[in-house]
Amino acid sequence: IQAWHDRRSGVPLHAAAGVLRVSTSYISAEHRQQAFKVLIRALDGESEDSLATCHQPANLATNSASNEVTESCFLRVTAAAELRLVCSSWDLPAEVGRALKNAMEDERGEVRVAAAATLCCVGTPRISASDRRRALDILCHVVEEKDPEGDAPRRSAVEALEAAGGDQELPAKIVAALARAAHEDSSDDVRFHCVKALGSIGSRYTASDVLKAALAKAIDDKSAFVKAAAIQACGRVNHACSQLEKAMLAFQRDSQSIVDIAIIGSAAAINRLPKLDRETSKLVCACADGLAHSKSDPQVRYVSAISLGLVARCLGAASFQGQPVDVLRKALDNDESEEVRRECATSLGLCGAFESRADLDKTVHLDNCTFVRAAAAAAVKMLDAVASAKA
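Put into structure tokens, the structure is as follows:
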């Protein structure tokens, strides 16, 4: 609370966000509302100095200094991200919706995406159906446009659409935007994230013909990372297309390439794992090695974590003894990539790793990513359901 008055960059905003993450047993309702106000004022574009001193807001629109404009962008994006972590709070002020709607009209793509992504996470009655549709429209538009600010806004928009993709509002438009970008975007990284988002959406909900066609086409992508993501996504949506069959014929068990690790997961998903190798444990260890030893390559670790989850889903806990579970637990705790930690949490739940229960509980409460915390909570429920069934 005292840190709100600190003038150093980022301190007031993060101090307010920290207050909202602390248990309500230690923070009063009044202080929580004050913390929400700090985040809302930052989202409105107030200067950092005004957040620290609680003075009246500075009008950044009339100040052309580039450092203040950059500061405004940083504050608005950070405030939106912090609000995303607490958007399900029972005492979330209605004023949050107004601030997010205003931020969605910012001329900077990074701010628009951050605000739209958070707005999609806020439930009714604070956000209307029309506001939510507007947010999804903005995200789809950002994914499809050639943003002069670089790849970051498009990638962030893709990740937000992945999280909101199961919503019944505009599902066809979301899939169409992701499918188009998965084929046409000039950035390998953006195409990679579009493909994995399509796989995630298709695995949770009915995969449309457009979605399946986009995944099949992406298997022929020039980038090995995109190709691997497409192979894995086809397995997740159970789409045994001719392109996937062709890729499986070229599988090499000892290559440790990202494509071959992806094939292991897809083969498990479509019940073709024995055709790759009769000793399933060797394939599981190959995925674990990809997760443990690719320290400089988060995409390899991500693909490895998903393949472990696909194998666990199809073959059960019997395939996971020793090294794979240890590697997953370590990555859940230490991996710098939010995507990798999220998939590790899911895989631990799928493989019934009861020894990881404490690790998952810790992640639910302490991880700074909403999606990782949600995945860990879901994994805990999986483990509890299995324990109840055994009892």
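Using the numbering used here, read the sequence shown as starting at 42 and increasing by one per residue.
The beta-carbon is built from N, C-alpha and C at its ideal position, and this holds for glycine as well.
Item, Value
"Just to confirm, are residue 40 and residue 368 a CB contact at a threshold of 8 angstroms?", "Missing from the structure shown is residue 40; the chain here goes from 42 to 432 and no further."
"State buried or exposed for residue 198, treating a residue as buried only when at least 16 other CB atoms are found within 10 Å of its CB.", "buried"
"Please name the residue, chosen from 69, 236, 375, that lies closest to residue 409 on a Cα-to-Cα basis.", "375"
"Let me know the secondary structure DSSP gives residue 224 once reduced to three states.", "helix"
"In terms of residue numbering, what span does the alpha helix (DSSP H) encompassing residue 273 cover?", "265 to 277"
"Identify, in the order they occur along the chain, each residue of the same chain with its Cβ nearer than 6 angstroms to the Cβ of residue 156, setting aside the five sequence neighbours on each side.", "121, 141, 144, 145"
"When you compare the CB positions of residue 84 and residue 57, do they come within less than 8 angstroms of one another, or not?", "no"
"Residue 246: which of 258, 221, 215 sits nearest, CA to CA?", "215"
"Roughly how many angstroms lie between the CA atoms of residue 175 and residue 334, to the nearest whole one?", "43 angstroms"
"Determine the DSSP secondary structure at residue 248, reduced to helix, strand or coil.", "coil"
"Flag this pair as yes or no: are the beta carbons of residue 378 and residue 342 separated by less than 8 angstroms?", "yes"
"Would you kindly work out how many angstroms separate the C-alpha atoms of residue 248 and residue 47, rounded to a whole number?", "50 angstroms"
"Can you say whether residue 348 is buried or exposed, counting buried as having 16 or more other CB atoms within 10 angstroms of its CB?", "buried"
"So which of 179, 150, 388 has the shortest CA-CA distance to residue 114?", "150"
"Can you tell which of 317, 298, 192 has the C-alpha that lies nearest to the C-alpha of residue 286?", "317"
"Rounded to whole angstroms, what's the CA-CA distance from residue 353 to residue 66? Just pull it up for me.", "39 angstroms"
"Can you tell me which of the three DSSP states residue 86 falls into?", "coil"
"Quick check: the Cα distance between residue 152 and residue 338, rounded to an integer number of angstroms?", "28 angstroms"
"Quick one: residues in its chain with C-beta nearer than 6 angstroms to the C-beta of residue 243, no 5 flanking neighbours on either side, listed in chain order?", "252, 278"
"Take residue 412 as the anchor and find which of 126, 54, 82 has the nearest alpha-carbon.", "126"
"Report the CB separation of residue 235 from residue 223 in whole angstroms; it is logged as a contact under 8 angstroms.", "4 angstroms"
"In chain order, what residues of the same chain have a beta carbon less than 7 angstroms from the beta carbon of residue 167, not counting five sequence neighbours either side?", "133, 135, 137, 138"
"Work out the CA separation of residue 384 and residue 86 for me, nearest whole Å.", "35 angstroms"
"Do you know offhand how far residue 44's Cα is from residue 233's?", "40 angstroms"
"Span of the alpha helix (DSSP H) holding residue 375?", "364 to 375"
"Rounded to whole angstroms, how far is the Cβ of residue 265 from the Cβ of residue 299, which I believe are closer than 8 angstroms?", "6 angstroms"
"Any idea if residue 304 is buried or exposed, counting beta-carbon neighbours within 10 angstroms, 16 or more meaning buried?", "buried"
"Among 288, 74, 169, 315, which has the Cα closest to the Cα of residue 124?", "74"
"With distances taken from CA atoms, which of 77, 213, 71, 69 is nearest residue 55?", "77"
"What's the call for residue 350, buried or exposed, on a 16-neighbour Cβ count within 10 Å?", "buried"
"So residue 393 and residue 420 are in contact, right, with Cβ under 8 angstroms, and what is the actual spacing, rounded?", "That pair is no contact at about 10 angstroms."
"Grab the span of the alpha helix (DSSP H) containing residue 289 for me, first residue to last.", "283 to 290"
"When the Cα atoms are used, what is the spatial distance from residue 219 to residue 71?", "43 angstroms"
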